[in-house]
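*Asks:*
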Amino acid sequence: MQNDPQVVTAESARKTAKFFYYGNLLAVIIPFPVFILWFGAGILVYAMLRHHPNPRVGYYTQIATYHYYGLAGGLVPILTFAPGDFFVNWWWALWITCVVVLVPLSIRQLLRINREAWQDTVKPLSH
Numbered sequence: 003m004q005n006d007p008q009v010v011t012a013e014s015a016r017k018t019a020k021f022f023y024y025g026n027l028l029a030v031i032i033p034f035p036v037f038i039l040w041f042g043a044g045i046l047v048y049a050m051l052r053h054h055p056n057p058r059v060g061y062y063t064q065i066a067t068y069h070y071y072g073l074a075g076g077l078v079p080i081l082t083f084a085p086g087d088f089f090v091n092w093w094w095a096l097w098i099t100c101v102v103v104l105v106p107l108s109i110r111q112l113l114r115i116n117r118e119a120w121q122d123t124v125k126p127l128s129h
């Protein structure tokens, strides 16, 4: 049994903070089926990363989820009241809108993550 505290390196925390943004980018670049699958997988990723030992990872994960689920939630009324031929004639407009909204937000946050001075974090010992 080891009593030495574990350390999460700054580089590891930085990479982990980017994870949800990469999922967001993939979801809009390959909308079918990734956008739909990321809806469920993102919940699992959020649950795992929100309480990361480095609180900045949780912060960036939370912001990424706001962006993705805000966009996905905005699609609900659009798709609810869309005419029957919407996907045949207007799928591209919906896709471009999602790309225009989510890609710049994700890139901006990824740049912020890269510029931030990250610190090693000591994991609390579990009993």
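To convert, note that position 98 of the sequence shown is 100 in our numbering; the numbers rise steadily by one, no gaps. Cβ atoms here follow ideal geometry from the backbone N, Cα and C, with glycine treated the same way.
If you pair each beta-carbon of the segment 48–56 with each one of the segment 89–105, do three or more pairs fall below 8 Å?
*Replies:* No contact exists between the segment 48–56 and the segment 89–105.
*Asks:* State whether the segment 73–87 contacts the segment 4–20, with contact taken as three or more CB pairs (one from each stretch) at a distance under 8 Å.
*Replies:* These segments do not touch.
*Asks:* Sorted by chain position, which residues of the same chain lie with C-beta nearer than 6 Å to Ser108's C-beta, five sequence neighbours on each side aside?
*Replies:* Result list for Ser108: Tyr23, Asn26 and Leu27, in chain order.
*Asks:* Could you pull the start and end residues of the alpha helix (DSSP H) that Ile32 belongs to?
*Replies:* Element bounds for Ile32: n/a, residue is neither H nor E.
*Asks:* Taking all protein chains shown into account, do 16 or more other C-beta atoms lie within 10 angstroms of the C-beta of Val124, making it buried, or fewer, making it exposed?
*Replies:* So Val124 ends up on the exposed side.
*Asks:* Between which two residues does the alpha helix (DSSP H) containing Thr11 stretch?
*Replies:* No alpha helix (DSSP H) contains Thr11, which DSSP labels as neither H nor E.
*Asks:* Quick one: complete alpha helix (DSSP H) runs, 4+ long, within the segment 82–121?
*Replies:* Counting whole runs of 4 or more residues, the segment 82–121 contains the alpha helix (DSSP H) stretches 88–117.
*Asks:* Give the DSSP bridge partners of Val124, in chain order.
*Replies:* Looking at the DSSP assignment, Val124 forms a beta bridge with Val9.
*Asks:* Can you tell me the Cα-Cα spacing of His69 and Leu127, whole angstroms?
*Replies:* Going from the Cα of His69 to the Cα of Leu127 covers about 33 Å.
*Asks:* Using 10 angstroms around the beta-carbon of Gly86, count the other beta-carbons present and answer buried if the total reaches 16, otherwise exposed.
*Replies:* When all chains shown are included, Gly86 counts as exposed.
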